[in-house]
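Numbering (UniProt numbering), first residue to last: 1 to 196. Idealized CB from N, CA, C, for every residue including glycine. The block underneath contains the structure these notes are about, expressed in structure tokens.
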Amino acid sequence: MYFWILGVYEPHYIIAIRNLTKVLCLISIIDDIYDASNATIEELVLFNDAIQRWEVSALDQFPDYMKLVCQTVLDTFNIIEDEMAKQGRSYGVEYAKSALKDLVGAYCKEAKWYHEGYVPSMDEHWPVALLSCGHQSISTISFIGMGELATKEAFDWVSSNPLIVQGSSVICRLVDDVVGHKVRYTSPMYKYHYSS
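This is how it looks when you write it as structure tokens:
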């Protein structure tokens, strides 16, 4: 993952490289919690609620691995926020938190649909699928640590989901679905992703 991130930024954006690498690792783990863990739907909803509230008060209700992930998410963002505050740019962290909340909310929505055996219409599924591919969230989070380029206006722009982000999210979602088809058609998520 780190080498992929090196292709995203110019080398002098080392803070952005480190931050996005950390957050992408966490997103990958969270995605696995929703797709591949043995978590109950109640645990997944609680995890989503904890992320949406951005607090750990419900941690005692989580399995150990979820406690660790939730606490690590909060700790990582606190570290990033402290680092950005030293540069006078902590405002960007709130945008990043909001982007992560949107992503986890989309994961939870898909998990609820699967658990209920509900197959959403394309109109209902598509906005959630575009969020759950992660591109919109990662686009916002990627601005953290980019120095003078990462102005409040830049965060406002990227979090408004401009056409360039929408278009690249569509590409990301479709590529993810096509590439993953051979793996997914045997998984429990097959019914959700490919049923008509």
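DSSP three-state assignment for residue i, whether helix, strand or coil
i: H12; result: coil
i: Q87; result: coil
i: S98; result: helix
i: P127; result: helix
i: S57; result: coil
i: G145; result: coil
i: F77; result: helix
i: S196; result: Because S196 sits at a pLDDT of 48, beneath the cut-off of 50, its placement in the model cannot be relied upon, and the point is left open.
Residue i, enclosing alpha helix (DSSP H) - first and last residue
i: D139; result: Residue identity differs from the one stated: residue 139 is Ser in this sequence, not Asp. Here the alpha helix (DSSP H) through S139 covers H135 to I141.
i: F47; result: I41 to R53
i: A154; result: K152 to S159
Pick from the options that is closest to residue i, judged by C-alpha positions
i: P63; options: Y91, W126 and I41; result: I41
Residue i Cβ short of 6 Å to the ligand PLP heavy atom set
i: C108; result: Although the ligand PLP was asked about, the structure shown includes no ligands whatsoever.
Assumed close pair residue i, residue j - CB separation to whole angstroms, cut-off 8 Å
i: V165; j: S139; result: 5 Å
i: N19; j: I80; result: 5 Å
- Query: Can at least three beta-carbon pairs, one atom from the segment 129 to 142 and one from the segment 12 to 25, be found at a separation below 8 Å?
  - Reply: yes
- Query: Would you say the segment 83 to 102 touches the segment 141 to 153, given that touching needs at least three Cβ pairs under 8 Å?
  - Reply: yes
- Message: Under 8 Å: do the segment 31 to 38 and the segment 102 to 115 share three or more Cβ pairs, one atom per stretch?
- Response: yes
- Message: When you compare the segment 108 to 116 with the segment 41 to 59, are there three or more beta-carbon pairs, one atom per stretch, that lie closer than 8 Å?
- Response: yes
- Query: So, do the segment 64 to 72 and the segment 119 to 130 have three or more beta carbon pairs nearer to each other than 8 Å?
  - Reply: no
- Message: Can you confirm whether the segment 6 to 13 touches the segment 84 to 92 when touching is taken to mean that 3 or more C-beta pairs between the two stretches lie within less than 8 Å?
- Response: no
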